[in-house]
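First the structure, in the form of structure tokens, and then the observations on it.
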Amino acid sequence: MRSNIERHIYSDTQVVGWQKITDLVHAAGGRIFLQIWHGGRACHPLLNQGAQPVAPRPIAITGDEVHTPEGNKPYVVPRELRDDELPGIVAGFGKAAEKAKAAGFNGVEVHGANGYLLDEFLRDGSNQRTGRYGGSVERRARLMQRLSEK
Numbered sequence: 004m005r006s007n008i009e010r011h012i013y014s015d016t017q018v019v020g021w022q023k024i025t026d027l028v029h030a031a032g033g034r035i036f037l038q039i040w041h042g043g044r045a046c047h048p049l050l051n052q053g054a055q056p057v058a059p060r061p062i063a064i065t066g067d068e069v070h071t072p073e074g075n076k077p078y079v080v081p082r083e084l085r086d087d088e089l090p091g092i093v094a095g096f097g098k099a100a101e102k103a104k105a106a107g108f109n110g111v112e113v114h115g116a117n118g119y120l121l122d123e124f125l126r127d128g129s130n131q132r133t134g135r136y137g138g139s140v141e142r143r144a145r146l147m148q149r150l151s152e153k
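Each step along the sequence shown adds one to the number in our numbering, with nothing skipped, and position 128 is 131.
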């Protein structure tokens with residue numbers, strides 16, 4: 004998810020910016036970790052350069068709104084991720100972790116809760132897939148397992 008209201012670590016320029024922060028933390032004797040996540044269906048095109056959010060299935064979040072630069076908006080119906088796209092999601096987490104290391108973070112925490120993409124795959128309400136990444140708990144946890152193997 005790339006928006007103007009969140010900090011990122013997908014470019015070399017951002018790595019340099021983060022390094023200034025990690026250097027200050029280390030100079031004060033501290034340690035600092037970076038939390039990384041994928042917004043999944045909890046995102047909105049206004050927060051993602053116009054791109055439609057993605058999710059395990061095309062099921063929108065209901066009963067709430069997303070905060071955008073243009074005010075609160077209803078969540079949109081996400082696009083269902085194809086199985087062949089999931090290795091790219093895993094690779095994206097890996098690249099973020101590599102950039103966090105280059106920026107001087109002492110570690111990385113993968114956010115897999117609170118309705119974001121990884122949590123969406125774990126939950127049977129949002130993950131109504133069949134096949135390799137849906138159905139049983141073991142299959143719904145497969146994306147998280149792939150991340151932990153990275």
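Quick reminder that beta carbons are idealized off the backbone N, C-alpha and C, glycines included. Everything numeric in this text was worked out from a predicted model, so none of it was measured.
Item: With DSSP collapsed to three states, give me the class of isoleucine 24.; Value: helix
Item: Hey, could you find the ends of the beta strand (DSSP E) phenylalanine 124 is sitting in?; Value: It is not in any beta strand (DSSP E) - phenylalanine 124 instead sits in the alpha helix (DSSP H) that spans 120-125.
Item: Let me check one thing: in DSSP terms, what residues is glutamine 38 bridge-paired to?; Value: Glu112
Item: In the DSSP assignment, find the unbroken beta strand (DSSP E) run with leucine 68 in it and report its ends.; Value: Sequence check: residue 68 is glutamate here, not leucine. Here the beta strand (DSSP E) through glutamate 68 covers 68-71.
Item: Taking only runs of the beta strand (DSSP E) that begin and end inside the region 73-101, which ones reach a length of at least 3 residues, in chain order?; Value: 74-77
Item: Between the alpha carbons of glycine 150 and arginine 60, how many angstroms are there, rounded?; Value: The sequence given here has leucine at residue 150, not glycine. Going by the C-alpha atoms only, they are around 20 Å apart.
Item: With 16 other CB atoms within 10 Å as the buried threshold, where does asparagine 75 fall?; Value: exposed
Item: Looking at the strands, I want to know which residues DSSP matches up with alanine 58.; Value: Glu83
Item: How should glycine 42 be labelled, buried or exposed, when 16 other C-beta atoms within 10 angstroms of its C-beta is the threshold for buried?; Value: buried
Item: Would you please state the rounded distance, in angstroms, between the beta carbons of isoleucine 24 and valine 111? I believe it to be under 8 Å.; Value: With 8 Å as the limit, isoleucine 24 and valine 111 do not qualify as a contact, their Cβ atoms being about 15 Å apart.
Item: Suppose contacts are defined by Cβ-Cβ distances below 8 Å. Is proline 81 in contact with alanine 58 by that definition?; Value: yes
Item: In chain order, what residues of the same chain have a beta carbon less than 7 Å from the beta carbon of asparagine 109, not counting five sequence neighbours either side?; Value: Arg34, Ile35 and Phe36
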